[in-house]
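> Going line by line, the protein sequences match chains A and B.
The first sequence begins at 40 in my numbering and counts up by one.
The second sequence begins at 40 in my numbering and counts up by one.
All residues carry an ideal CB built from backbone N, CA and C; glycine is no exception.
All values reported here derive from a predicted model rather than from experimental measurement.
Okay, handing you the structure first.
2 protein chains.
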Amino acid sequence: MASNNPEKSVEPIIIAVEPFGGSIRNHQPQLPLVFFDDAAVTRGDGVFETLLLHGDHACNLERHAKRFVASSRLLDLPEPNLDYWIAATNKALEQWRERTDRDAKCVWTYTRGRASTGIPTAWITVTAISDHVLEQRQHGVKVMTSPRGYTIDRVETTSTDDEGNVVATSSPVAPWLVVGAKTLSYAANMAALRWARGHGFDDVIYMEGDKVLEGATSTVVTVRGDKLRTPIPGGDILPGTTQAALFEHASQHGWRCKAKELRREDLLRADSVWLVSSVRIAARVRRIDDVKLERPDNEDEIRALIMGALGA
Amino acid sequence: MASNNPEKSVEPIIIAVEPFGGSIRNHQPQLPLVFFDDAAVTRGDGVFETLLLHGDHACNLERHAKRFVASSRLLDLPEPNLDYWIAATNKALEQWRERTDRDAKCVWTYTRGRASTGIPTAWITVTAISDHVLEQRQHGVKVMTSPRGYTIDRVETTSTDDEGNVVATSSPVAPWLVVGAKTLSYAANMAALRWARGHGFDDVIYMEGDKVLEGATSTVVTVRGDKLRTPIPGGDILPGTTQAALFEHASQHGWRCKAKELRREDLLRADSVWLVSSVRIAARVRRIDDVKLERPDNEDEIRALIMGALGA
């Protein structure tokens with residue numbers, strides 16, 4: 040893609056993280072980083088988180104860190120030392136700020152490590168946000184709905200918590216299945232996005248029949264009047280860190296927020312539909328399959344609300 | 040794992056492959072190989088094949104090469120130049136033979152490449168076969184049966200081909216789904232193996248209810264009298280290259296070979312059950328869940344048959 044984004048010329052930052060704490064050191068991005076026998080490369084066997092660096096902080100850090108630990112646990116990786124990861128992130132941010140004052144994408148990666156050593160591998164990268172992402176943030180996305188293509192076999196029960204929210208509890212029949220972990224085995228999502236792009240769309244919303252699940256790399260949020268809705272997370276719907284931050288923040292500002300089973304018609308009759316995620320933040324859905332979704336009067340207000348939730 | 044296998048001290052060989060043909064060059068295995076922004080690392084987005092190097096050849100090369108091309112196509116990667124891959128493999132084998140006359144494991148990896156360049160990344164590695172694998176080849180494996188944990192949603196039809204074999208034709212409802220491709224997104228298989236090992240087993244056979252699917256990284260073959268059977272490949276049962284070579288070879292030697300739906304009881308009443316794959320070649324199943332499978336009289340004959348099929 041042609042680019043006149045000055046950010047593109049900002050050199051990425053890579054910080055190698057000692058998995059059990061220890062030195063924090065920079066790695067030269069022009070050199071290879073990962074060994075041939077690392078489980079990340081040979082098996083997609085590792086976890087990651089993607090964070091937005093804005094101003095003097097990593098947005099929504101606590102929720103990302105919490106999910107990172109949960110993903111590691113699901114993959115039976117040694118518990119990461121969060122203080123250490125956060126220190127490395129702050130160091131990376133500091134280095135980024137010496138280069139530019141623009142936002143950046145920060146990825147934490149934690150793998151099972153090299154076959155020859157058995158010691159986990161860990162690193163943090165900071166890179167410029169692509170034009171593509173900035174454009175989608177500004178102009179929205181055309182979305183194809185689609186079945187996910189597979190079903191996690193599970194026993195599912197639904198209950199109501201103290202605050203009246205519906206809570207889904209779901210146990211996969213295969214107890215090791217890393218459902219709910221953000222793993223590096225993302226080939227299916229990437230293939231879905233390629234398919235969508237090949238058919239004139241920008242993104243995908245997975246459906247189970249008529250039921251809305253999630254975006255390929257984002258959480259679905261609808262706005263109608265003063266109500267924000269998102270599909271009930273759990274099972275193979277990854278709990279969204281950005282959506283969680285948004286709902287907490289919006290509730291404090293008078294919006295009524297609830298996780299709730301959403302149907303296709305809920306998308307079509309909403310005032311607006313959003314795909315929220317950490318770096319793109321919020322992309323308004325401006326088309327679902329062959330239906331155009333009109334720009335709502337309060338688009339800027341909603342966008343500001345989501346940015347506000349992240350302190351971005 | 041402690042080891043007195045002299046092979047362990049043989050240095051791995053890495054050959055970087057130019058994806059569109061060109062120079063074949065060695066990469067130093069003590070140095071990192073893969074860049075931080077390679078799709079193999081960030082998304083498990085790539086394909087691989089594992090071959091056995093034995094004597095002066097790569098075993099079953101044609102079938103591996105064919106599946107490699109099929110996997111690439113399913114992932115919408117540019118068609119690999121097979122002549123070039125084979126030349127690189129021969130070069131790697133030649134180098135290995137300068138070091139030792141023992142068998143080796145050769146892996147072909149082909150990824151979508153770096154985000155910053157968009158050019159696929161490709162390399163070949165040759166490494167010693169681990170003691171663990173040699174031990175399982177010799178002594179067999181204890182296997183846990185288990186549901187796969189997910190179901191590929193698909194439309195399936197069954198027909199009979201000219202030779203009377205039942206052929207399953209299966210179309211996933213999600214057309215991009217990379218079912219049948221050997222991708223780097225293997226985290227679920229790795230998790231299943233970890234679970235099995237944590238419970239005193241060596242390996243996993245996936246089941247769909249009572250129906251036998253495949254091993255975590257192998258094809259299931261049963262022997263009863265002069266009959267060899269394997270589950271019908273297709274759908275989410277990866278066509279096995281070693282099983283295919285075995286069936287062709289065994290047919291020529293008077294065995295009756297057929298792909299056929301297998302049930303749990305077929306495993307239990309077989310003379311012997313085998314997990315076949317390219318490097319471990321054949322591991323006899325000596326326990327399925329809590330049932331011990333007795334060693335058959337013809338164990339050595341069957342093993343020799345499978346080795347013979349690979350020219351190993």
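Measure the C-alpha to C-alpha separation of Ile-163 (chain B) and Glu-287 (chain A) and round it to an integer number of angstroms.
Each residue's Cα considered, the two are about 49 Å apart.
> Could you tell me the distance, in whole angstroms, from the CA atom of Leu-72 (chain B) to the CA atom of Phe-75 (chain A)?
Rounded to the nearest angstrom, the two C-alpha atoms are 6 Å apart.
> Residues in the same chain with beta-carbon distance under 6 Å from Ala-387 (chain A), minus the five sequence neighbours each way, listed in chain order, please.
Shown here, chain A extends from 40 to 351; a query on residue 387 (chain A) therefore has no answer.
> Could you tell me which whole alpha helix (DSSP H) segments of length 4 or greater appear in the stretch 184-257 of chain B?
Counting only runs of 4 or more, we get 226-237.
> Run the CB neighbour count on His-292 (chain A), radius 10 Å, all protein chains shown included, and call it buried at 16 or more, exposed below.
Flag for His-292 (chain A) reads exposed.
> Strictly by DSSP, which residues pair up with Arg-64 (chain B)?
Partner(s): B:Ala-55.
> Bridge partners for Ser-311 (chain A) per DSSP, in chain order?
Ser-311 (chain A) is bridged to A:Val-262.
> Is the number of C-beta pairs between the stretch 195-206 of chain B and the stretch 174-182 of chain A that are closer than 8 Å three or more?
Counting Cβ pairs under 8 Å, fewer than three are found: no touch.
> Report the neighbours of Trp-162 (chain B) on chain A: residues whose CB is nearer than 9 Å to its CB, in chain order.
Phe-75, listed in chain order.
> Would you call the CB atoms of Asp-142 (chain B) and Ile-125 (chain B) closer than 8 Å?
For Asp-142 (chain B) and Ile-125 (chain B), no; Cβs fall outside 8 Å.
> Give me the Cβ distance between Val-102 (chain A) and Thr-280 (chain A), rounded to the nearest whole Å; I'm assuming they're in contact under 8 Å.
Checking the sequence shown, residue 102 (chain A) turns out to be Arg, not Val. Yes, Arg-102 (chain A) and Thr-280 (chain A) are in contact; Cβ-Cβ is about 4 Å, under 8 Å.
> At 4 residues or longer, and completely inside the stretch 294-339 of chain A: list those alpha helix (DSSP H) runs for me, N to C.
DSSP runs (the alpha helix (DSSP H)) wholly in the stretch 294-339 of chain A: 303-307.
> Against chain A, does Pro-278 (chain B) count as a neighbour if the rule is that its beta carbon must be under 8 Å from one of theirs?
Chain A, which has no Cβ nearer than 8 Å to the Cβ of Pro-278 (chain B), makes this no.
> Starting from the beta carbon of Gly-83 (chain B), find every residue of chain A whose beta carbon is closer than 7 Å, and list them in chain order.
Within chain A, the residues near Gly-83 (chain B) are Gly-83, Leu-223, Ser-224, Tyr-225, Ala-226.
> Alpha carbon to alpha carbon, what distance is there between Thr-222 (chain B) and Ile-345 (chain A)?
Their Cα atoms are separated by approximately 36 Å.
> If you compare alpha carbons, which of A:Ser-155, A:Ser-224, A:Gln-282, A:Asp-249 is closest to Glu-304 (chain A)?
Among A:Ser-155, A:Ser-224, A:Gln-282, A:Asp-249, the Cα nearest to that of Glu-304 (chain A) is on A:Asp-249.
> At 9 Å on the CB atoms, spell out the chain B contacts of Thr-190 (chain A), in chain order.
Chain B residues near Thr-190 (chain A): Tyr-189, Thr-190, Ile-191, Asp-192.
> Of the residues A:Val-212, A:Ala-227, A:Trp-313, which one's Cα is nearest the Cα of Val-251 (chain A)?
If we check each option's Cα against that of Val-251 (chain A), A:Trp-313 comes out closest.
> Going by C-alpha to C-alpha distance, which of B:Arg-308, B:Leu-92, B:Ala-343 sits closest to Val-165 (chain B)?
Taking only the C-alpha atoms, the option nearest Val-165 (chain B) is B:Leu-92.
> Can you list, in chain order, the residues of its chain with a C-beta nearer than 8 Å to that of Lys-352 (chain A)? Leave out the 5 residues immediately preceding and following it.
Lying outside 40 to 351, the shown extent of chain A, residue 352 (chain A) is not represented and no answer is given.
> Report the residue from B:Ser-311, B:Pro-278, B:His-96, B:Pro-51 whose alpha carbon sits nearest the alpha carbon of Ala-154 (chain A).
It is B:Pro-51 whose Cα lies nearest to the Cα of Ala-154 (chain A).
> Kindly indicate the opening and closing residues of the beta strand (DSSP E) around Val-172 (chain B).
It is not in any beta strand (DSSP E) - Val-172 (chain B) instead sits in the alpha helix (DSSP H) that spans 170-178.
> On the DSSP letters alone, give me the boundaries of the beta strand (DSSP E) that Ala-161 (chain A) sits inside.
160-167 is the span of the beta strand (DSSP E), which, as asked, contains Ala-161 (chain A).
> To the nearest angstrom, how far is it from the Cα of Leu-415 (chain A) to the Cα of Ala-220 (chain A)?
Residue 415 (chain A) is absent from the model: chain A starts at 40 and stops at 351.
> Using a Cβ-Cβ cutoff of less than 6 Å, which residues in the same chain neighbour Ala-348 (chain A) once the five nearest sequence positions on both sides are dropped?
Counting only Cβ-Cβ distances below 6 Å, and skipping sequence neighbours, we find Ala-284, Leu-285, His-288.
> Ala-351 (chain B) by DSSP, collapsed to three states: which one?
Here Ala-351 (chain B) sits in coil by DSSP.
> When the Cα atoms are used, what is the spatial distance from Gln-67 (chain B) to Leu-277 (chain A)?
So the alpha carbons of these two residues sit roughly 39 Å apart.
> Please report the distance separating the alpha-carbon of Glu-253 (chain A) from that of Lys-105 (chain A).
About 20 Å.
> What are the residues of the stretch 107-126 of chain B that lie near chain A, defined by any Cβ-Cβ distance shorter than 9 Å?
So the close ones are Leu-113, Leu-114, Asp-115.
> Run through the DSSP bridge pairs and tell me what Tyr-149 (chain A) is partnered with.
According to DSSP, Tyr-149 (chain A) bridges with A:Val-86, A:Ala-161.
> Taking the C-alpha atoms as reference points, what is the distance between Thr-261 (chain B) and Arg-151 (chain A)?
About 34 Å.
> Could you tell me the alpha carbon to alpha carbon distance between Leu-332 (chain A) and Arg-233 (chain A), rounded to whole angstroms?
Distance between the alpha carbons of Leu-332 (chain A) and Arg-233 (chain A) is about 23 Å.
> Please report the distance separating the alpha-carbon of Asp-140 (chain A) from that of Gly-94 (chain A).
Straight-line Cα distance between these residues: approximately 7 Å.
> Going by the DSSP bridge assignment, what does Asp-23 (chain B) pair with across the sheet?
There is no way to answer for residue 23 (chain B), as the model of chain B reaches only from 40 to 351.
> Relative to the C-alpha of Asp-192 (chain B), which candidate in A:Val-243, A:Thr-197, A:Glu-247, A:Asn-120 has its C-alpha closest?
Of the listed residues, the one whose Cα sits closest to Asp-192 (chain B) is A:Glu-247.
> Thr-280 (chain A) by DSSP, collapsed to three states: which one?
Helix at Thr-280 (chain A).
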